[in-house]
Amino acid sequence: AEPSFYRFRTKDKLRGREIILREFSVTATENILMAATLAAGKTVIKIAATEPHVQDLACFLKKMGAKIKGEGTHTIEVIGQKKLHGARHTIINDPSEAGTFILMATATRGNILLKNVPVSYLDLFFEKLQEFGGNYFKIVDSHSVKVEPWKRLKMDRIQALPYPGIPTDLQSAFGVLATQAEGSTLIHDPLYEGRLKYLEELNKMGAEIIICDPHRAIINGPTQLLGAELGPLDLRGGAALIIAGLIAKGTTIINDIYQIDRGYEKIEERLQRIGADIKRVRA
1 AEPSFYRFRT KDKLRGREII LREFSVTATE NILMAATLAA GKTVIKIAAT
51 EPHVQDLACF LKKMGAKIKG EGTHTIEVIG QKKLHGARHT IINDPSEAGT
101 FILMATATRG NILLKNVPVS YLDLFFEKLQ EFGGNYFKIV DSHSVKVEPW
151 KRLKMDRIQA LPYPGIPTDL QSAFGVLATQ AEGSTLIHDP LYEGRLKYLE
201 ELNKMGAEII ICDPHRAIIN GPTQLLGAEL GPLDLRGGAA LIIAGLIAKG
251 TTIINDIYQI DRGYEKIEER LQRIGADIKR VRA
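At position 23 of the sequence shown the residue is numbered 23 (the working numbering), and the sequence of numbers has no breaks.
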């Protein structure tokens with residue numbers, strides 16, 4: 001081990017085998033998938049993650065000469081090759097980023113057309129939005145979504161699940177939206193502890209939230225959020241606090257924004273272009 005990274009070596013060539021993951025881990029699936037492309041023989045990955053970026057990685061590796069089948073399912077088979085070759089590939093648009101901006105537009109009751117949305121990867125996400133409020137959004141085509149101001153919003157439950165369920169990466173944005181909805185909303189994220197810490201920050205802003213345990217909370221709404229100094233938080237929680245700041249009365253300050261920058265490039269500049277009163281004070 002070195003201060004900032006690890007090096008792994010093997011005396012013999014990697015050999016394919018059956019691997020059963022302990023959970024639907026995106027990072028584990030992707031790392032095993034890459035290693036298996038050059039391992040001797042066949043590798044079978046069971047309990048594999050199916051997220052869009054796992055599928056996109058498999059698509060890229062196949063362009064490089066890898067022999068992969070089953071990507072997008074929970075069992076992936078890889079026949080190792082002696083070497084791969086270069087290829088040209090365009091990375092898919094990020095469903096989590098698109099979903100965050102859609103929920104941001106919804107929470108602020110904006111009138112916004114969002115482009116480059118990977119609609120086909122957000123089926124349950126859109127089903128939930130339809131269930132909660134009806135006709136305040138419209139899927140224009142396979143890459144565009146129109147959001148309009150809603151008249152009534154009532155949510156009941158958001159549960160984060162592995163793909164194709166509601167992504168844990170969008171749970172926090174849904175949580176902010178729930179502060180503006182009528183009645184009580186149960187937020188349940190069984191995937192990671194600590195993903196509900198942003199709710200403590202929302203309570204500082206005047207939200208009415210009961211945190212039941214590390215994985216569940218009840219949000220009562222609607223409430224008028226008030227500006228506050230917030231953070232630090234993780235990437236998705238930080239983006240959620242930007243949404244909260246946009247709908248809050250007064251000024252909101254969010255600290256340690258390097259976390260947000262990891263997933264939302266120049267987010268303040270993009271929001272300024274559609275009328276948001278937001279600025280970066282310091283990096």
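The C-beta atom is built at its ideal place from N, Cα and C for all residues, glycine as well. Since this is a predicted model, take the numbers as computed values, not measurements.
Query raised in the report: Taking just the CA atoms, how far does G70 sit from P95?
Result: If you number the sequence shown from 1, residue 95 lands on position 95. If you number the sequence shown from 1, residue 70 lands on position 70. Roughly 21 Å separates the two Cα atoms.
Query - With 16 other Cβ atoms within 10 Å as the buried cut-off, status of I210 - result: On the sequence shown, position 210 is the one that residue 210 refers to. Label assigned to I210: exposed.
Query raised in the report: At what residues does the beta strand (DSSP E) containing F132 begin and finish?
Result: As a first step, residue 132 must be located in the sequence shown, where it is residue number 132. For F132, no beta strand (DSSP E) encloses it; the enclosing alpha helix (DSSP H) starts and ends at 123–133.
Query raised in the report: Touching or not, the region 156–172 and the region 134–145, by the rule of three or more beta carbon pairs under 8 Å?
Result: No, they do not touch.
**Report entry** Counterpart residues of S144 in DSSP-defined beta bridges
**Finding:** For the purposes of this step, residue 144 is identified with residue 144 of the sequence shown, where counting begins at 1. Under DSSP, S144 shares a beta bridge with K115, D141.
Query raised in the report: If V117 sits next to A98, beta carbons under 8 Å apart, how far is it from one beta carbon to the other, in whole angstroms?
Result: Here residue 117 is taken as the residue at index 117 of the sequence shown, counted from 1. Here residue 98 is taken as the residue at index 98 of the sequence shown, counted from 1. A Cβ-Cβ distance of about 4 Å is found for the pair V117 and A98, placing them in contact under the 8 Å criterion.
Query raised in the report: Does DSSP put D261 in a helix, a strand or coil?
Result: For the purposes of this step, residue 261 is taken as residue 261 along the sequence shown, with counting starting at 1. It is helical.
Query raised in the report: Would DSSP call K83 helix, strand or coil?
Result: Walking along the sequence shown from the start, residue 83 turns up at place 83. In the three-state reduction of the DSSP assignment, K83 falls in the coil class.
Query raised in the report: Between T185 and I219, is the Cβ-Cβ spacing less than 8 Å?
Result: Locating residue 185 in the sequence shown gives position 185, where the first residue counts as 1. Locating residue 219 in the sequence shown gives position 219, where the first residue counts as 1. In this structure, T185 lies near I219, with their beta-carbon atoms less than 8 Å apart.
Query raised in the report: Rounded C-beta distance between L225 and A239? I'm assuming under 8 Å.
Result: Start at 1 with the first residue of the sequence shown, and residue 225 comes out as number 225. Start at 1 with the first residue of the sequence shown, and residue 239 comes out as number 239. About 16 Å separates the Cβ atoms of L225 and A239, ruling out a contact at the 8 Å cut-off.
Requested in this report: Determine the direct distance from the alpha carbon of I91 to that of L350, and round the result to whole angstroms.
Outcome: Because the chain spans 1 through 283 in this model, residue 350 falls outside it and cannot be assessed.
Requested in this report: Tell me, to the nearest whole angstrom, how far the beta carbon of L103 is from that of A173; I am working on the premise that it is less than 8 Å.
Outcome: The sequence position of residue 103 within the sequence shown is 103, counting from 1. The sequence position of residue 173 within the sequence shown is 173, counting from 1. Confirmed, Cβ separation roughly 4 Å.
Query raised in the report: Exposed or buried, which one is F24 when buried takes at least 16 other CB atoms within 10 Å?
Result: For the purposes of this step, residue 24 is identified with residue 24 of the sequence shown, where counting begins at 1. Answer is buried; the Cβ neighbour count reaches 16.
**Report entry** Beta-carbon proximity list for F60, same chain, < 6 Å, skipping 5 on both sides
**Finding:** As a first step, residue 60 is located in the sequence shown; it is residue number 60 there, counting from the start. Within the same chain, F60 has close Cβ partners H89.
Requested in this report: Answer yes or no: the CB of L61 versus the heavy atoms of the ligand COA, is any distance below 7 Å?
Outcome: The ligand COA is not part of this structure, which contains no ligands at all.
**Report entry** Backbone CA spacing between R285 and G175 [nearest angstrom]
**Finding:** Only positions 1 to 283 of the chain appear in the structure, and residue 285 is not among them; the question remains open.
Query - CB of V26 within 8 Å of CB of T75, strictly - result: The residue labelled residue 26 in the question sits at position 26 within the sequence shown. The residue labelled residue 75 in the question sits at position 75 within the sequence shown. Result no, Cβ atoms of V26 and T75 do not sit closer than 8 Å.
Report task. May I have the straight-line CA-CA distance separating I79 from A40, to the nearest angstrom? Result -> For the purposes of this step, residue 79 is taken as residue 79 along the sequence shown, with counting starting at 1. For the purposes of this step, residue 40 is taken as residue 40 along the sequence shown, with counting starting at 1. Between I79 and A40, the C-alpha separation is close to 8 Å.
Query raised in the report: Considering only the beta carbon of each residue, do G231 and I254 sit closer than 8 Å?
Result: On the sequence shown, residue 231 is found 231 positions in, with the first residue counted as 1. On the sequence shown, residue 254 is found 254 positions in, with the first residue counted as 1. Taking a C-beta distance under 8 Å as the contact criterion, G231 and I254 qualify as a contact pair.
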